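Since the structure comes first, as structure tokens, the remarks are kept for the end.
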Amino acid sequence: MDQLTMKKMAANAALQYVKADTIVGVGSGSTVNCFIEALGTIKHKIKGAVAASKNSETLLREQGIEVFSANDVSGLDIYVDGADEITPHKMMIKGGGAALTREKIVAALAKTFICIVDKSKQVEVLGSTFPLPVEVIPMARSQVARKLVTLGGSPEYREGVVTDNGNIILDVHNFKIINPVEMEKELNNVAGVVTNGIFALRPADIVIVGSPDGAQILK
Ligand code: 5RP
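For the sequence shown, numbering that gives the first Met the number 0 gives the first residue as 0, with consecutive numbering after it.
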């Protein structure tokens with residue numbers, strides 16, 4: 000079974016958690032694009048969505064779904080997003096699409112974080128298969144890169160990418176994250192770092208894994 004079919008399977012299964020008359024938090028990435036398409040089929044059931052990227056905002060509007068600003072809501076019932084890696088403890092690496100900061104902001108508004116992935120995203124240790132994205136204020140690029148080297152990583156500037164917030168991304172390779180909660184906090188304290196792609200302080204609550212055996216729900 001191909002990866003897109005597994006992503007669609009996970010995305011469609013997430014619809015069962017969408018409650019009537021709510022505003023849904025929506026992340027970004029190719030799996031979320033499948034979710035947005037699925038959400039379009041029940042658009043009359045919901046009030047609208049808060050999007051974690053300009054791209055998701057555009058796709059939601061194309062489906063006829065009203066998009067609210069994060070400043071317009073005091074909370075969300077659910078937030079649905081993908082991940083680049085996810086552990087059995089539901090901790091994630093995110094930011095492959097450079098939307099990590101807004102994803103963390105919208106996730107923080109939600110009561111329940113639902114992560115939708117295909118089975119290739121499941122790992123035992125974060126950093127095993129995917130580099131860690133870090134969003135950095137442009138003037139701090141070199142000093143943050145040096146700090147990441149002292150922490151044991153190999154940072155690489157993501158050429159040609161500017162985030163929705165006008166910043167740059169450093170992808171940290173060769174960086175096995177043994178203590179995700181501590182590392183997330185440590186990186187948050189580096190001057191010039193806007194957000195790091197470890198989602199451990201606020202892990203997912205429900206994971207839906209698309210696989211050849213169907214959509215597996217992990218609670
Ligand atoms: C974007 C993200 C995405 O959720 C993550 O990159 C997964 O993407 P995809 O669903 O395309 O595999 O964090 O910043």
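Here a beta-carbon is modelled for each residue, glycine too, at the ideal position from N, C-alpha and C.
These figures come from a predicted structure and were not determined experimentally.
DSSP places residue 184 inside the alpha helix (DSSP H), whose first and last residues are 179-187. According to DSSP, residue 35 shares a beta bridge with no other residue. In the DSSP assignment, residue 142 falls within the alpha helix (DSSP H) that extends over 140-149.
Annotation: residue 91 to residue 63 spans about 30 Å, alpha carbon to alpha carbon. Close CB contacts of residue 201 within its chain, under the 8 Å cut and outside five residues either way in sequence, are with 103, 106, 107 and 112 (chain order). With fewer than 16 neighbouring CB atoms inside 10 Å of its own CB, residue 137 falls in the exposed class.
In the DSSP annotation of this structure, residue 19 is not part of any alpha helix (DSSP H), being labelled neither H nor E. Note on the region 92-174: whole alpha helix (DSSP H) runs with a minimum of 4 residues are 99-108 and 140-149, in chain order. Residue 28 has its CB nearer than 7 Å to a heavy atom of the ligand 5RP.
Relative to the ligand 5RP, the beta carbon of residue 144 is positioned no closer than 7 Å to any heavy atom.
Contact between residue 17 and residue 46 does not hold, since their C-beta atoms are separated by about 11 Å, which reaches or exceeds 8 Å.
Within 7 Å of the C-beta of residue 97 there is at least one heavy atom belonging to the ligand 5RP. At a cut-off of 7 Å, the beta-carbon of residue 84 does not count as near the ligand 5RP: no heavy atom of the ligand is closer than that.
Inter-residue distance for residue 214 and residue 33 is about 14 Å (C-alpha atoms, whole angstroms). Going by DSSP, residue 215 is part of the beta strand (DSSP E) stretching over 213-217. At a cut-off of 7 Å, the beta-carbon of residue 170 does not count as near the ligand 5RP: no heavy atom of the ligand is closer than that. Short note on residue 31: C-beta closer than 7 Å to some heavy atom of the ligand 5RP. Residue 0 counts as exposed, since fewer than 16 other C-beta atoms from the protein chains shown sit within 10 angstroms of its C-beta.
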